[in-house]
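> All residue numbers for the sequence shown refer to numbering that gives the first Met the number 0, where the first residue is 0 and numbers rise by one.
All residues carry an ideal CB built from backbone N, CA and C; glycine is no exception.
These numbers come from a predicted model, not from an experiment.
Next up is a structure, given as structure tokens.
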Amino acid sequence: MALYMIGDVQGCDEPLGRLLDELDFSPSRDTLYLLGDLVNRGPASLQVLRRLMALEGAAHSLLGNHDLHLLAAAHGVRKLHRSDTVSDILDAPDRVALLDWLRRRPMALFEHGWLMVHAGVLPQWDVADTLARAQELQGALRSPDWPGFLQHMYGNEPAFWSDALQGADRLRVVVNAFTRLRFCSAQGVMEFETKEGADGAPPGFMPWFDVPGRRTTGVPVAFGHWSTLGHVQREDVLPLDTGCVWGGCLTAARILSTPGQVERIDVRCPQTQKPENKKPRKDL
């Protein structure tokens, strides 16, 4: 039995198929953990969702910002952008089943010694806090009034976690941390404008995993979302968004028996989006 974590697929079904072939993946034997952003920007979001739904039980997928954007667009909360590539899902005959499956994906997992999120973890949260906040957000997405949650999901404020937060403000901080976080201050104030690598932190901010006293320090954390991050040589931090849609790679990490240790497997991807302010990782 092999266990794999996979970074942002973003609608790149053909590279995902090649990666699974490279892994000699068997759904009866092996398990996948996909770290969010299953859809959008790539050419085959519909095929990705159908593939993963068919692997139910052998594939566990987190929700990323692009996945939430699809759900919001499907309910008229957000308009599709010119660069979005999810119309095939919205026009599909099985649209309802696909969207229902997607909204029921978790926001965070702690499995086999790894804390898995799409973007980041606030420094005030330990593992138990992280999973509890994920449960709150999952509850909102799985409730009968989940479209109402989408109406209040967007915004940059509040930018700082407090246990006293309630209602829409509380959930907005949680969703931003799990799906948008790159940089924050030493006090945990999130910054959302900068999309550069770790050395491009704006004054007063740093990568979320470098905050002194972070309560998940020492816990191996795997995440996606940050294709421009670059190489990080640490046993407790594993970035797995290697820029598939930007002409980089799609990356899997096989979880080894030694805590914090993985074996990386990459497949090269054709560029399907113009670089703009996104760049493939230079270390690949």
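Rounded to whole angstroms, what's the CA-CA distance from Pro211 to Val174? Just pull it up for me.
Answer to the nearest angstrom: the Cα atoms are 23 Å apart.
> Tell me, which residues are paired with Ala251 by DSSP?
The partner list for Ala251 (beta bridge, DSSP) reads Ile5, Ile264.
> So, at 8 Å on beta carbons, what are the nonlocal neighbours of Arg40 in its own chain, with the 5 sequence-adjacent residues on each side left out?
Around Arg40: Gln9, Gly10, His65, Ser82, Asp83, Thr84, Val244, Thr271, Gln272.
> Ignore the nearest five residues each way along the sequence and tell me which others in Ala73's own chain have a CB closer than 7 Å to its CB.
Taken in chain order, the residues that qualify are Leu89, Leu98.
> Should Val116 and Ala107 be called a contact, given that it needs their Cβ atoms to be closer than 7 Å?
Going by C-beta atoms, Val116 is nearer than 7 Å to Ala107.
> Roughly how many whole angstroms lie between the Cα atoms of Trp124 and Ala167?
Rounded to the nearest angstrom, the two C-alpha atoms are 19 Å apart.
> Tell me which residue opens and which closes the alpha helix (DSSP H) that Thr129 is part of.
Start and end: 126 to 141.
> State the start and end residues of the unbroken alpha helix (DSSP H) segment that holds Thr178.
Counting along the chain, the alpha helix (DSSP H) containing Thr178 begins and ends at 166 to 179.
> Can you name, in chain order, every residue of its own chain whose Cβ lies under 7 Å from the Cβ of Arg267, other than the five neighbours on each side?
Here the set comprises Cys248.
> If distances are taken between C-alpha atoms only, which option among Ala163, His111, Ala221 comes closest to Phe177?
That would be Ala221, whose Cα lies nearest to the Cα of Phe177.
> Contact defined as beta carbons within less than 8 Å: I believe Gly229 pairs with Ala197. What is the distance between those atoms, to the nearest angstrom?
Right, the Cβ-Cβ distance comes to about 6 Å (below 8 Å), so this counts as a contact.
> Counting beta carbon pairs with one atom in the region 23 to 30 and one in the region 53 to 67, are three or more of them shorter than 8 Å?
Yes: at least three Cβ pairs fall under 8 Å.
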